[in-house]
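The structure appears right after this line, and notes come after that.
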Amino acid sequence: MLEHQRSMVLAESEACEASAVQISATLPRCGHAACRALAGAPRRYHANVAWALPKCLNARGLRMGKAGELALVSAWRPPRGPPNKRPQPGDVDQGRRGILEICRTGAAGCLSDKKRMAAFLEAVGAAVWAPTTARSPSELEDGGPLADAGSENALWFLKHARVDNNAGVTVHLGRAACRGAWLSLPEGEREDYVAQREVADVLLDAEGRKLTLRVYVLCTVVAATSVDNAAANATRVQALARREFVCRAHPLPYDASDPDPARHVHSTLGKFKAVDCMFGSNWTPSDSLWPEVRRMLTACFAPFLPSLARSELPEGNGAKAVSFTLLGVDVLVDAKLRPWLIEINEGPALAPVLKNELATASREAVVNDVLTATLDPILAAGCVEAAAGPGCGAWETLAEWSGAASDTG
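Under UniProt numbering, the residues of the sequence shown are numbered 1 to 409, in order.
Right, here's the structure in full:
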């Protein structure tokens, strides 16, 4: 099975590379303001994210650009840190603009921040898709809203609201133990955490290990580009799900009485030892489960699209005519094949995995699929409005929104 997966991913990666280099070197022109910039833009890119982007973009005939150049693609995120350490107007980071641009960190903040996500899902009526989540220690008190009969026998996960990819998660047996751990944090840090209850009857693999699904969701914003046709002057936003998800098995067998993170939390490839993975297409329950996963993701992402349009307005001169963000959605499944949304990672791990050819190739395939849906249609048509159009290959549409970004509130 592993050899079959390796062959399949490598073949997919090679096919993407082969097709990419055949794209015409001359971009057609059209009348949109952003497309006039597209026709004159050098075949350059800016990238500092830890993905396989340089390899995939080089295969498409693009080369690394210089600060100050308006490139075709910019996947350049400013460094995180305190405000006095972040780029200021005129800094090099501010000159790494592109016609197709990755959303700057924070665009999906209401989803990637676990506390804000819980509030958002509750506000839009989608909280039913997530496990019980406490946003303050007081909710875990005896007699509190979450103190039901089974809460003292359940596992609880204490998580930093803004830290991705399993970092810093602690596991506690019982509501009181989780509350005690929460209150033991410095008072000034407690607001940064949430507590999430374990999914009941969580689905296990044949070896008794907990499974976490990683589903990739691509959000695209195609800004209004026509100045001649007011009716067509609308921003178009989409959320797309990659049908080929990754199914990850935790290092140790599941035991609901043992709060060992290796049984319940550790599932990031390349970060924790003995994490196994397989593709959804090779997982027997996939076909039965996928429609429910899509329904869940649609309920969670559709209400988010107008705010994404508002946060990703174009910069002028063609910069950020098309924006995109790739999110890694972690999903648990219960024994009834009902999906549960665990968290949304704004910075999914897509860097090569040392000594893991399969994982490295699969991550590269994800990056290629992003470019196939965003950059390749632009290059083929010479028009930014072709991005994320019909027939996005590996991606299936979850939700769409169009309108004037200024009217989203």
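Every residue gets a Cβ at the ideal spot worked out from N, C-alpha and C, and that includes glycine.
Just so we're clear, the structure is a prediction, and the values are computed from it rather than from any experiment.
For N356 and T170, the gap between their C-alpha atoms comes out near 27 Å.
In the DSSP annotation of this structure, S323 is not part of any alpha helix (DSSP H); the continuous beta strand (DSSP E) holding it starts and ends at V322 to V333. Ranking L183, E191 and G174 by CA distance to the CA of A161 puts E191 first.
Within the segment 152-176, no run of alpha helix (DSSP H) reaches 4 residues while sitting entirely inside it.
Contact between L297 and V217 is confirmed by a C-beta separation of about 6 Å, below the 8 Å threshold. Put simply, the backbone Cα of C392 is about 23 Å away from that of A319.
Its chain contains N166, H250, P251, F272 and V275 as the residues whose beta carbon lies nearer than 8 Å to that of H266, once the 5 sequence neighbours on both sides are disregarded; these appear in chain order. S74 carries a strand assignment under DSSP once its states are collapsed to helix, strand and coil.
For F301, the secondary structure class from DSSP, reduced to helix, strand or coil, is helix. Beta-bridge analysis with DSSP links N345 to G328. In this structure the segment 71-80 touches the segment 40-53; the number of beta carbon pairs closer than 8 Å is three or more.
Counting along the chain, A394 sits inside no beta strand (DSSP E), nor does DSSP assign it H or E at all. Per DSSP, reduced to three states, the secondary structure at S286 is helical. Counted as a single uninterrupted DSSP element, the alpha helix (DSSP H) harbouring F120 occupies residues K114 to A123. Between P303 and V163 the beta-carbon gap is near 24 Å, outside 8 Å, which marks them as no contact.
If the five residues before and after E152 are omitted, its C-beta is found closer than 8 Å to the C-beta atoms of G174, R175 and A176, all from its own chain and listed in chain order. Straight-line measurement puts the Cα of I378 at about 10 Å from the Cα of L371. The three-state secondary structure of E187, taken from DSSP, is helix. DSSP lists V333 as the bridge partner or partners of P339. P42 counts as exposed, since fewer than 16 other beta carbons sit within 10 angstroms of its beta carbon.
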